[in-house]
Amino acid sequence: IVAFLVGKKLPNRDVLQILQRKWGQIGRFSIHVAGNGVFLARFENRQARDWVLDNGPWDVWGYHLAIRPWSRDMSLSLGECKSMPLWVKLKGVPIQFWNKVGLSYIASVLGNPLHMDVTTMNRHALMFARVCIDMSASSSFPESVTLELEDGSTTSIEVEYPRRPAACALCKVFDHSNRSCPKVNRREWMPRPVLMAQRKPEDAEGWITVKRKDSGDVDDIASPPVVEGANGPVKAGAVPKGLQPPKTPMKATTDNPSTSKEAGKMIREAERCILPSSPRKLLPGSSSGSKKRKKKGHSGRGGWFLQVQMTGVATWNVRGLNDPSKHNEVRHFLSSNSISLVGLLESRVSIHNLDRIVSSIGKKWVYTSNHHVSLAGRIVVAWNPSYLNFVPVNVTEQAIHDHATLSDNMCIHVSFVYGLCDRTARKSLWGELSHCAAVFRNEPWVVLGDFNVTRYGTEHATSRVVIKAMQDFNKAVVTAELEDLNSTGYVFTWSNRRQGEGEVKKKLDRAMGNWQWFKSLGDAYAHFHPPGISDHSPITIQMRLRQSFRGRSFKYLNFWSKDDQFLQVVSHEWLKAHTGSPLVVIHKKLKSLKACLRNFCSRPDSRVADLRARLKQVQQLSLGGDVPPCVFELQRQLRLEVSDAARDEEAFFKQKSRIQWLKEGDSNSAFFHRVV
């Protein structure tokens with residue numbers, strides 16, 4: 002057969018290893034790389050090849066693998082992949098439609114139905130039907146299908162796509178997404194024009210005329226145009242965020258204290274009549290342009306940012322935990338790998354000594370075990386309550402299933418498994434996995450531990466025979482809709498520590514996740530470490546969590562002292578009575594004063610841009626005929642505000658740039674802006 006990898010081109014070595022593991026259970030075969038993302042697989046017999054063709058669709062790390070039977074005149078290029086077989090979940094299917102004809106009738110709305118899985122065919126679980134459908138790249142991938150019943154009523158069937166591949170709506174192919182489409186026009190980077198500044202000595206107000214190199218004067222900064230209806234239709238009672246009027250209009254101040262109330266009234270009337278409602282949302286002391294100047298992840302005054310933190314889940318068959326030397330090894334393993342939740346298998350610890358041993362491994366760690374169902378304490382789960390909250394859901398002899406809430410309030414389910422050595426005894430474990438799959442199907446679920454059985458023939462170093470115990474395991478994995486996590490490290494996780502012909506190595510330990518796990522934590526991976534003090538390799542799963550932290554600290558801006566209300570605010574806060582020692586009193590006063598100073602304008606550059614835009618609008622209106630006197634008064638007030646705001650802006654950048662020799666103010670040079 003010829004296999005084409007659709008989408009991202011993965012390393013050939015990884016693709017070959019995954020295909021060897023997935024197809025190795027049917028017999029021996031050879032794989033050859035025929036091109037970038039193209040592979041040839043040759044099987045020993047036709048039955049093995051037909052098994053691969055009939056049991057698709059196949060994927061590698063979530064990327065679809067299109068397979069075709071090879072022929073002599075066949076081209077080794079896939080071309081445009083306009084359709085692809087996908088597994089689809091149909092939830093809420095009426096009982097009378099739970100057959101081949103009924104499910105095909107429903108699935109035909111989405112595409113060309115191909116086949117069902119074993120669980121759906123045998124009707125073991127009627128919560129959802131799993132159907133393989135050949136879907137087109139131009140499909141809208143609807144989330145529900147309306148089904149008309151025999152009595153004329155309708156019912157909605159929920160459609161879930163566990164692994165929806167990237168599709169291009171323009172090319173109508175699955176090979177790439179809309180973002181990486183070669184037909185989309187790309188924006189080219191253009192260098193900004195170099196600006197030069199000159200100060201005119203005859204300019205009384207100190208304005209700077211900015212010129213471009215080899216060009217004429219540059220006009221004033223224009224305000225962005227207001228596009229009405231850009232946000233689409235608005236529901237009753239709702240106002241789009243971009244079209245909300247300012248909660249508190251910007252006050253017009255004057256340096257002349259003898260201005261009469263009538264003049265102020267004229268200014269307010271002119272401002273209300275002439276200036277339209279600004280689409281910007283202005284808050285007292287804030288600026289409309291500060292949003293784009295914030296750093297990524299920053300929000301609000303004082304600031305906070307999202308930091309990516311790694312937290313880990315681990316399991317280890319330690320083969321006994323009573324030896325104090327093993328306590329040190331386990332403690333070092335947990336700290337060096339940032340583990341917050343660990344499942345220790347085959348602990349052989351008495352319940353009376355468990356508290357002491359867990360305390361020696363991790364201080365303030367909490368634990369649970371299955372001693373009440375297994376006297377030997379086969380499974381002990383310990384976790385750090387500072388990083389997660391762990392609640393056991395079901396505890397049995399072979400597994401502990403739990404619900405964990407991480408530090409970023411994300412909920413996951415973790416099952417620590419230690420399977421028995423007997424095939425018949427493990428059947429109860431397979432039933433538990435099927436039951437948990439139905440209960441945990443809407444949340445991320447990971448299963449890890451020592452299963453005491455391999456899945457494929459390639460997971461045994463000396464024998465490739467597929468026994469019935471392996472078939473039972475694979476059937477349980479398919480029924481529970483689990484799949485191995487992306488992994489690194491050792492392939493064989495257990496060995497008998499012998500040499501020569503008596504050496505036996507197997508992959509008995511593994512980590513698997515459901516579809517929700519790959520959907521929510523697709524970047525999580527499993528790593529198989531060296532066995533160390535045991536004959537089993539420990540498994541760690543690293544997850545990336547986003548946590549919010551306070552970021553930017555308070556910074557005093559020098560131009561605040563020129564504000565008319567500055568001394569009044571400082572005096573009011575400093576005269577408040579506080580209890581405690583003199584040092585504590587000063588600390589409380591400074592803390593309350595910082596909260597008040599944060600209400601002052603912290604980005605004068607954005608305020609200057611807004612005032613200049615408002616001044617330009619008023620000046621354009623004043624050049625027309627029949628201009629009322631209030632317009633000229635408003636224009637005068639805005640010029641004074643622009644002048645004051647420009648001085649605050651200059652002081653702000655002077656303090657931020659920390660250039661000691663900048664005595665004459667901002668000369669608008671390229672060096673100054675580069676330092677800022």
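Residue numbers 2 to 677, in my numbering, belong to the letters of the sequence shown in order.
A virtual CB, placed ideally from N, CA and C, is assigned to each residue, including glycine.
Predicted model, so just to flag it, every value in this text is computed and none were measured.
From the DSSP output, read off the bridge partner residues of residue i.
i	result
Leu584	Bridge partners of Leu584: none, in fact.
Asp526	Note on identity: in this sequence residue 526 is Tyr, with Asp being the wrong assignment. In the DSSP output, where bridge partners are listed per residue, Tyr526 has Gln543.
Ser488	Ala527
Arg124	Beta-bridge pairing links Arg124 to no other residue.
Leu6	Leu66
Glu149	Thr155
Trp495	Lys507 and His537
Arg131	Lys90
Thr312	Met544
Trp317	Leu345
His461	Lys507
Val160	Leu91
Tell me the residue span of the alpha helix (DSSP H) that contains residue i.
i	result
Gly103	Lys101 to Ala108
Val174	Neither: Val174 is in no alpha helix (DSSP H) and is coded neither H nor E.
His116	From DSSP, His116 is part of no alpha helix (DSSP H) but of the beta strand (DSSP E) over Asn113 to Met117.
Val571	Phe567 to Trp575
Ala138	Neither: Ala138 is in no alpha helix (DSSP H) and is coded neither H nor E.
Asp473	Lys469 to Thr480
Among the candidates the options, whose CA atom is the shortest distance from the CA of residue i?
i	options	result
Ile32	Ser538, Ile2, His579 and Asp55	Ile2
Val632	Leu622, Leu6 and Met544	Leu622
Gln26	Lys595, Pro531, Ser535 and Gly458	Gly458
Leu111	Cys133, Phe98, Val119 and Met122	Cys133
Trp1	Pro325, Phe560, Phe40 and Pro630	What the structure shows of the chain is the stretch from 2 to 677, and residue 1 is not part of that stretch, so it cannot be assessed.
Glu484	Phe493, Thr494, Trp446 and Asp565	Trp446
Met75	Arg165, Pro539, Glu482 and Phe5	Phe5
Met544	Val314, Met85, Asp135 and Trp62	Val314
Ser535	Val319, Lys10 and Gln18	Val319
Ala477	Val61, Ser435, Glu444 and Asn46	Ser435
Asn390	Thr397, Thr406 and Ala130	Thr406
Cys437	Asn515, Gly501 and Leu509	Asn515
Arg498	Leu624, His537 and Thr580	His537
Ser416	Gln569, Arg50 and Phe441	Phe441
Met716	Pro114, Arg648, Asn443 and Ser593	Residue 716 is absent from the structure shown; the chain starts at 2 and stops at 677.
Val61	Asn13, Val418, Ile362 and Ala35	Asn13
Arg456	Lys23, His373 and Pro629	Lys23
Met136	Pro166, Gly153 and Ser145	Pro166
Leu641	Arg615, Leu322, Leu17 and Phe653	Arg615
Asp55	His116, Gly103 and Arg29	His116
Leu355	Leu322, His333, Leu77 and Asn46	Leu322
Phe129	Trp99, Thr155 and Glu45	Trp99
Gly57	Phe30, Arg43, Met85 and Ala512	Met85
Gln566	Pro629, Asn600 and Trp59	Asn600
In terms of residue numbering, what span does the beta strand (DSSP E) encompassing residue i cover?
i	result
Glu502	Counting along the chain, Glu502 falls outside any beta strand (DSSP E), and DSSP gives it neither H nor E.
Trp446	Trp446 to Asp451
Asp510	Asp510 to Gly514
Trp561	Segment: none, Trp561 is in no beta strand (DSSP E) and carries neither H nor E.
Lys90	Ser84 to Lys92
Looking at the ligand MN, does it come within less than 8 Å of residue i, judged from the CB to the closest heavy atom?
i	result
Pro166	Absence of the ligand MN from the depicted structure is noted, as is the absence of any ligand whatsoever, leaving it without description.
Original post:
For the segment 328 to 394, which segments carrying the alpha helix (DSSP H) assignment without a break, of at least 4 residues, lie completely within its bounds, in sequence order?
Top reply: 355 to 362
Original post:
Below 8 Å, can you find three or more Cβ-Cβ pairs linking the segment 86 to 94 to the segment 139 to 159?
Top reply: yes
Original post:
Is the segment 605 to 612 touching the segment 578 to 585, taking contact as three or more C-beta pairs under 8 Å?
Top reply: no
Original post:
Fully enclosed by the segment 386 to 444, which beta strand (DSSP E) runs are 3 residues long or longer?
Top reply: 389 to 396, 400 to 407 and 412 to 419
**OP:** Take every Cβ of the segment 342 to 355, pair it with every Cβ of the segment 374 to 393, and state whether three or more of those distances are shorter than 8 Å.
**Re:** yes
Original post:
Quick check: the segment 328 to 343 against the segment 379 to 397, are there 3 or more CB pairs under 8 Å?
Top reply: yes
**OP:** Would you check if the segment 422 to 432 and the segment 464 to 483 touch, i.e. whether three or more CB-CB distances between them fall below 8 Å?
**Re:** yes
Original post:
In chain order, which alpha helix (DSSP H) runs of at least 4 residues are fully inside the segment 596 to 652?
Top reply: 605 to 623
Original post:
Quick one: complete beta strand (DSSP E) runs, 3+ long, within the segment 12 to 74?
Top reply: 30 to 36, 39 to 44, 59 to 61 and 64 to 69
**OP:** Say whether the segment 513 to 533 touches the segment 486 to 497, bearing in mind that this needs 3 or more beta-carbon pairs closer than 8 Å, one atom from each stretch.
**Re:** yes
Original post:
Are the segment 105 to 121 and the segment 61 to 69 in contact at 8 Å, needing three or more beta carbon pairs?
Top reply: no
Original post:
Is the segment 552 to 568 in contact with the segment 512 to 523, if contact means three or more CB pairs nearer than 8 Å?
Top reply: no
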